[in-house]
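A.B. asks: Heads up: the protein sequence lines correspond to chains A and B, in order. First residue of the first sequence? That's 1 in the numbering used here, and the numbers climb one at a time after it. First residue of the second sequence? That's 426 in the numbering used here, and the numbers climb one at a time after it. Quick one: this structure, given as structure tokens, is what I'll be asking you about.
2 protein chains.
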Amino acid sequence: MKADLRAAGVRDLGRQGPPRASDRASLRRSNLGLVLRLLRDAGPRPRTQIADETGLPKATITNLVAELVEHGLVREGEAERHGSVGRPGRTVEIDGRTICGIGVEINVDYLSLIAFDLRSDVIAERHTPLDARGSEPDAVLDRMAEAIGETCDALRARGVHPVAVTIAAPGVIGMDTGVVSYASNIGWRDVAVVDGLRTRLGPKAPPLRLENDAKLGAIAEYLVAATSDIHDLIYVTGETGVGGGIISDGRLLRGSAGFAGEIGHMPLDPGGQPCACGRQGCWETMVGLAALLRLAAAPDDPVHDTTVDLEHRLAELRRRADAGDPATRAALDRIADGLALGLALLADVLNPRAIVLGGYFAHFGDHLVDRVRGELSARVMAHEAGRCEVMLSTLGFSAAARGGAYMALDSVYQDPSGVSAVSGV
Amino acid sequence: MKADLRAAGVRDLGRQGPPRASDRASLRRSNLGLVLRLLRDAGPRPRTQIADETGLPKATITNLVAELVEHGLVREGEAERHGSVGRPGRTVEIDGRTICGIGVEINVDYLSLIAFDLRSDVIAERHTPLDARGSEPDAVLDRMAEAIGETCDALRARGVHPVAVTIAAPGVIGMDTGVVSYASNIGWRDVAVVDGLRTRLGPKAPPLRLENDAKLGAIAEYLVAATSDIHDLIYVTGETGVGGGIISDGRLLRGSAGFAGEIGHMPLDPGGQPCACGRQGCWETMVGLAALLRLAAAPDDPVHDTTVDLEHRLAELRRRADAGDPATRAALDRIADGLALGLALLADVLNPRAIVLGGYFAHFGDHLVDRVRGELSARVMAHEAGRCEVMLSTLGFSAAARGGAYMALDSVYQDPSGVSAVSGV
Chain A
1 MKADLRAAGV
11 RDLGRQGPPR
21 ASDRASLRRS
31 NLGLVLRLLR
41 DAGPRPRTQI
51 ADETGLPKAT
61 ITNLVAELVE
71 HGLVREGEAE
81 RHGSVGRPGR
91 TVEIDGRTIC
101 GIGVEINVDY
111 LSLIAFDLRS
121 DVIAERHTPL
131 DARGSEPDAV
141 LDRMAEAIGE
151 TCDALRARGV
161 HPVAVTIAAP
171 GVIGMDTGVV
181 SYASNIGWRD
191 VAVVDGLRTR
201 LGPKAPPLRL
211 ENDAKLGAIA
221 EYLVAATSDI
231 HDLIYVTGET
241 GVGGGIISDG
251 RLLRGSAGFA
261 GEIGHMPLDP
271 GGQPCACGRQ
281 GCWETMVGLA
291 ALLRLAAAPD
301 DPVHDTTVDL
311 EHRLAELRRR
321 ADAGDPATRA
331 ALDRIADGLA
341 LGLALLADVL
351 NPRAIVLGGY
361 FAHFGDHLVD
371 RVRGELSARV
381 MAHEAGRCEV
391 MLSTLGFSAA
401 ARGGAYMALD
411 SVYQDPSGVS
421 AVSGV
Chain B
426 MKADLRAAGV
436 RDLGRQGPPR
446 ASDRASLRRS
456 NLGLVLRLLR
466 DAGPRPRTQI
476 ADETGLPKAT
486 ITNLVAELVE
496 HGLVREGEAE
506 RHGSVGRPGR
516 TVEIDGRTIC
526 GIGVEINVDY
536 LSLIAFDLRS
546 DVIAERHTPL
556 DARGSEPDAV
566 LDRMAEAIGE
576 TCDALRARGV
586 HPVAVTIAAP
596 GVIGMDTGVV
606 SYASNIGWRD
616 VAVVDGLRTR
626 LGPKAPPLRL
636 ENDAKLGAIA
646 EYLVAATSDI
656 HDLIYVTGET
666 GVGGGIISDG
676 RLLRGSAGFA
686 GEIGHMPLDP
696 GGQPCACGRQ
706 GCWETMVGLA
716 ALLRLAAAPD
726 DPVHDTTVDL
736 EHRLAELRRR
746 ADAGDPATRA
756 ALDRIADGLA
766 LGLALLADVL
776 NPRAIVLGGY
786 FAHFGDHLVD
796 RVRGELSARV
806 MAHEAGRCEV
816 MLSTLGFSAA
826 ARGGAYMALD
836 SVYQDPSGVS
846 AVSGV
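Written out as structure tokens, the structure reads:
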């Protein structure tokens with residue numbers, strides 16, 4: 001009897017997969033990326049150490065570093081003496097001040113843009129209020145194209161080349177097609193975001209890519225959490241809808257077609273409130289912004305007045321909660337319980353080391369978090385919630401755009417040789 | 426403003442992480458594993474090709490292959506000519522007939538054992554009925570130790586060295602401690618399985634490791650599915666409880682402490698049936714074996730007679746379903762609907778390419794699967810269920826033990842140099 005375990009397609013179940021370079025040129029590209037990622041993840045180090053750590057010969061490393069220096073992606077710094085003998089080695093470190101990645105987030109009421117150079121310094125940032133729901137998609141795309149175009153022009157004028165742009169959008173998106181299939185909160189269905197922006201921006205535009213906002217938020221949160229050695233986390237953001245992004249063992253979990261992280265429609269309240277998706281009792285009807293407003297205030301309360309900016313209405317609720325208003329506090333307790341119900345389910349399925357709450361959950365975090373932690377501990381099947389911590393996001397509105405800027409630079413880390421081909425600088 | 430993205434702990438978000446060998450000896454071990462995994466995953470190939478694909482120098486590959494041959498892990502086969510010129514190269518392939526990994530599954534009513542050699546040939550197998558629920562844990566451990574001990578003795582007598590044993594157990598397990606914390610279906614709480622077996626087996630025993638049965642089942646199913654290029658799947662097994670194992674992008678998703686995949690207690694039926702966990706309306710109260718029996722037959726029906734073997738009672742239900750009995754068919758429809766409700770949630774969160782149904786779900790699969798597929802398609806937020814296919818397991822009772830045997834060999838693939846140290850053959 002033969003168990004076919006060595007089937008061609010089986011990927012390694014351990015940590016490191018074998019490199020799969022198929023020819024010399026792609027092997028070289030792959031090695032350039034290997035060195036660049038090592039410098040990003042582990043910091044500046046001399047060439048001899050890079051050779052040791054990558055297992056590549058020293059002569060190869062010398063060539064690779066020279067090519068990376070030529071592309072402007074790394075630089076050689078101070079001489080450093082290793083131990084007491086031998087030639088001093090100069091440390092190699094990420095440079096890349098002449099290239100950048102851009103992240104742009106479109107959400108219900110704002111447009112946010114951020115640009116990182118390869119050293120992860122923020123070199124451009126803008127946050128613009130925008131009524132995405134009340135505008136035609138074409139008008140929103142006009143505004144996005146304007147923001148991207150102006151930023152690219154300004155950066156190029158400073159000698160910085162934008163290598164790519166990641167667009168963060170809410171809802172179900174097609175990563176390959178660049179289409180927002182369905183985003184109930186901004187009322188979009190089948191909006192061709194990437195094509196629309198490409199047409200508007202013309203041939204000078206950097207490559208554009210679309211990704212779900214909560215996934216990019218999860219990446220941004222992971223960059224923070226990883227400094228505490230946390231490599232499994234769920235980012236849960238509460239806005240009109242509830243979005244999620246999952247980092248599992250240091251990787252963004254996309255699923256087979258990029259649709260993973262759709263947590264807002266878990267059927268946790270059968271027969272409950274109607275949901276924007278057409279069903280009833282989805283998790284976001286229990287814990288989304290509409291639920292907070294509904295639970296916290298009678299129908300004639302001014303916080304329901306949609307002519308008033310949402311931010312002001314939330315500030316008012318925040319003020320009441322801080323003042324100990326019983327109705328507001330009770331509403332937040334209900335939200336905390338609903339939140340814990342869904343989070344416990346996700347913790348059972350995914351066993352994260354951390355759950356990071358973003359959006360309005362972070363805004364009301366101090367009123368929610370203790371109760372959420374207690375309920376989670378009581379609900380999760382594994383002892384002490386499987387060691388899962390509940391944290392509040394500190395990135396505010398910039399999380400998704402930050403994750404987008406980081407992802408935009410990923411193409412450079414995967415294939416650093418591509419930079420010279422597109423860069424005019 | 427500085428975004429600290431190059432923090433020391435951030436792991437690569439792309440596919441390939443940099444190797445992290447810290448010295449020559451561990452680099453060598455890591456390279457031995459790299460070559461061995463390449464041969465497992467991609468099949469026999471000449472040394473020159475291994476050098477190309479790993480990026481390691483040919484002289485290094487020659488040394489590594491010689492060491493693997495010495496350990497009995499690979500062999501050099503027929504000469505093969507590449508293209509029309511050059512010296513013919515001999516292909517290198519996995520050998521490893523003198524070592525094996527063992528998987529042992531303990532479940533409610535059986536003990537299953539399987540051994541694979543490094544070529545993935547099954548070289549030992551046994552399946553023993555066992556009343557785990559009606560026995561003291563110590564008595565069950567006695568039986569397990571007996572099965573493992575006898576198998577190891579028999580294999581050693583044939584010159585085969587067992588490198589490790591993986592124990593598959595239901596419920597929440599501590600991978601590091603080797604303790605089954607909580608397994609409601611066999612009535613275990615805090616049973617020190619690894620220590621108990623180690624004491625019984627004595628110093629000659631191979632290293633023992635404990636893992637959740639559904640996770641190991643998922644690995645076994647993945648080894649099948651990967652041949653169809655499926656690398657994201659959820660294995661869902663229906664027994665008294667409902668267990669799950671998740672493969673994401675070709676890796677077993679364990680979560681931060683190994684507790685991931687706990688899907689049986691999703692709160693999908695508030696106020697529903699009482700669950701073994703002490704709460705009400707958990708998913709397994711809707712779709713576990715008890716639900717099927719309850720829905721399919723009146724309380725006085727003979728299928729509830731616990732003095733009759735469960736297998737016979739299920740065969741009777743199967744017979745009724747095949748004969749078109751309306752009550753049985755209606756019960757199976759209810760199960761299919763409940764199944765689809767939870768599977769759609771999991772498909773939204775994880776976007777798998779396939780869901781593989783095991784346990785009794787597979788046994789009644791032809792009566793369930795069409796309805797599950799239809800409901801899933803209607804429920805999942807992404808179009809066409811995010812391309813998720815529902816499949817029936819074909820591995821039967823051996824899935825978890827198979828996954829265990831495969832995992833037991835993993836130590837060899839991670840560090841092939843360890844084999845000579847423990848092997849007496």
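By construction, the Cβ of each residue, glycine as well, lies at the ideal position given by its N, Cα and C atoms.
1) List the residues of chain A that B:ALA594 touches, going by C-beta distances under 7 Å, in chain order.
2) Which residues, taken in chain order from the stretch 234 to 264 of chain A, show a beta carbon closer than 9 Å to some beta carbon of chain B?
3) From the DSSP output, read off the bridge partner residues of B:ARG500.
4) Is the number of C-beta pairs between the stretch 198 to 210 of chain A and the stretch 357 to 365 of chain A that are closer than 8 Å three or more?
5) To be precise: take each residue of the stretch 367 to 386 of chain A, compare its Cβ to all Cβ atoms of chain B, and keep it if any distance is under 9 Å. Which residues remain?
6) Would you kindly report the start and end of the unbroken alpha helix (DSSP H) that includes A:PRO326?
7) Between A:ALA315, A:ILE234, A:PHE364, which has its C-alpha nearest A:ASP333's C-alpha?
8) How about B:GLY666 and B:PRO587: do their beta carbons lie closer than 8 Å?
9) Given this structure, state the Cα-to-Cα distance separating B:GLU736 from B:ARG551, to the nearest angstrom.
10) Determine, using beta carbons only, whether B:MET816 comes closer than 8 Å to chain A.
11) Rounded to the nearest angstrom, what separates B:VAL604 and B:GLU530 at their Cα positions?
12) How about A:ALA21: is its C-beta nearer than 8 Å to some C-beta of chain B?
13) Does B:PRO724 pass the burial test, meaning 16 or more other C-beta atoms within 10 Å, or should it be called exposed?
14) Tell me the DSSP bridge mates of B:ALA589?
15) Compute the distance between the beta-carbons of A:ASN351 and A:GLY404, then report whether it is under 8 Å.
16) Residues in its own chain within less than 7 Å of A:GLN273 by CB, not counting five upstream and five downstream?
17) Determine the DSSP secondary structure at B:LEU728, reduced to helix, strand or coil.
18) How many angstroms separate the CA atom of B:MET691 from the CA atom of B:PHE822?
19) Checking 8 Å against the spacing of the C-beta atoms, do B:ILE527 and B:ALA833 come in under that value?
20) Short check: CB of A:GLY174 to CB of B:ASP657, under 8 Å?
21) Along the chain, where does the alpha helix (DSSP H) that runs through A:HIS363 open and close?
22) Starting from B:ASN488, find everything on chain A with Cβ-Cβ shorter than 7 Å and list it in chain order.
23) Would you mind stating whether B:TYR831 and B:ALA549 have Cβ atoms separated by less than 8 Å?
24) Can you say whether B:ARG745 is buried or exposed, counting buried as having 16 or more other CB atoms within 10 angstroms of its CB?
25) In three-state DSSP terms, what is A:MET266?
26) Thinking C-alpha only, which one of A:ASP348, A:PRO129, A:VAL287, A:ALA226 is nearest B:GLY669?
27) Here's the rule I'm using: 16 or more other beta-carbon atoms within 10 Å means buried, otherwise exposed. How should A:GLY338 be labelled?
28) Taking only the alpha-carbon atoms, compute the straight-line gap between B:ILE659 and A:GLY72 and give it to the nearest angstrom.
29) Mind checking whether A:LEU376 and A:ALA354 have CB atoms under 8 Å apart?
30) At a Cβ cut of 9 Å, what residues of the stretch 695 to 707 of chain B count as close to chain A, listed as they run along the chain?
31) For a test of the three-state rule: what should DSSP assign to B:GLU636, helix, strand or coil?
32) Among B:LEU493, B:GLN474, B:ASP466, B:PRO469, which one has its Cα closest to the Cα of B:ASN456?
33) If we require 3 or more residues per run, which beta strand (DSSP E) segments fall completely within the stretch 641 to 684 of chain B?
34) If I measure Cβ to Cβ from A:ARG313 and keep anything under 6 Å in the same chain, skipping five residues before and after, which residues do I get?
35) Any idea what DSSP makes of A:SER398, helix, strand or coil?
36) Using alpha carbons as the reference points, say which of A:ARG379, A:GLY271, A:THR177, A:ALA225 lies closest to A:ASP478.
C.D. replies: In terms of the structure at hand:
1) Under the 7 Å cutoff, chain A gives no residues; its nearest Cβ is about 14 Å from B:ALA594.
2) If the cut-off is 9 Å between Cβ atoms, the stretch 234 to 264 of chain A has GLY244, ILE246, ILE247, SER248, ASP249, GLY250, ARG251, LEU252, LEU253, ARG254, GLY255, SER256, ALA257, GLY258, PHE259, ALA260, GLY261, GLU262, ILE263, GLY264 near chain B.
3) Answer is B:GLU518, bridged to B:ARG500.
4) no
5) ARG379, VAL380, MET381, ALA382, HIS383, GLY386
6) 326 to 350
7) Shortest Cα-Cα distance from A:ASP333 to any of A:ALA315, A:ILE234, A:PHE364 involves A:PHE364.
8) no
9) 18 Å
10) Chain A, which has no Cβ nearer than 8 Å to the Cβ of B:MET816, makes this no.
11) 15 Å
12) Caution applies to A:ALA21, whose pLDDT of 40 falls short of 50 and renders its modelled position unreliable; the value that the coordinates give is listed next. By this cut-off, A:ALA21 is an interface position.
13) B:PRO724 is exposed by the Cβ-count criterion.
14) B:GLY526
15) No, the Cβ-Cβ distance between A:ASN351 and A:GLY404 is not below 8 Å.
16) GLN280, GLY281, THR285
17) The residue asked about is misnamed: residue 728 of chain B is Val in this sequence, not Leu. It is helical.
18) Distance from the CA atom of B:MET691 to the CA atom of B:PHE822, rounded to whole angstroms, is 25 Å.
19) yes
20) Contact: no.
21) 360 to 363
22) Correct list: empty, because the minimum Cβ distance to chain A is about 13 Å.
23) No, these two residues do not count as a Cβ contact at 8 Å.
24) Buried: at least 16 other Cβ atoms inside 10 Å.
25) coil
26) When C-alpha distances from B:GLY669 are compared across A:ASP348, A:PRO129, A:VAL287, A:ALA226, the shortest belongs to A:ASP348.
27) Classification of A:GLY338: buried, given that the 10 Å Cβ count is 16 or more.
28) 44 Å
29) no
30) The residues in question are PRO695, CYS702, ARG704.
31) B:GLU636 sits in a strand when the DSSP states are folded into three classes.
32) B:LEU493
33) 658 to 663, 667 to 673
34) VAL303
35) helix
36) Residue 478 of chain A lies beyond the residue range present for chain A, which begins at 1 and ends at 425; the question has no answer from this structure.
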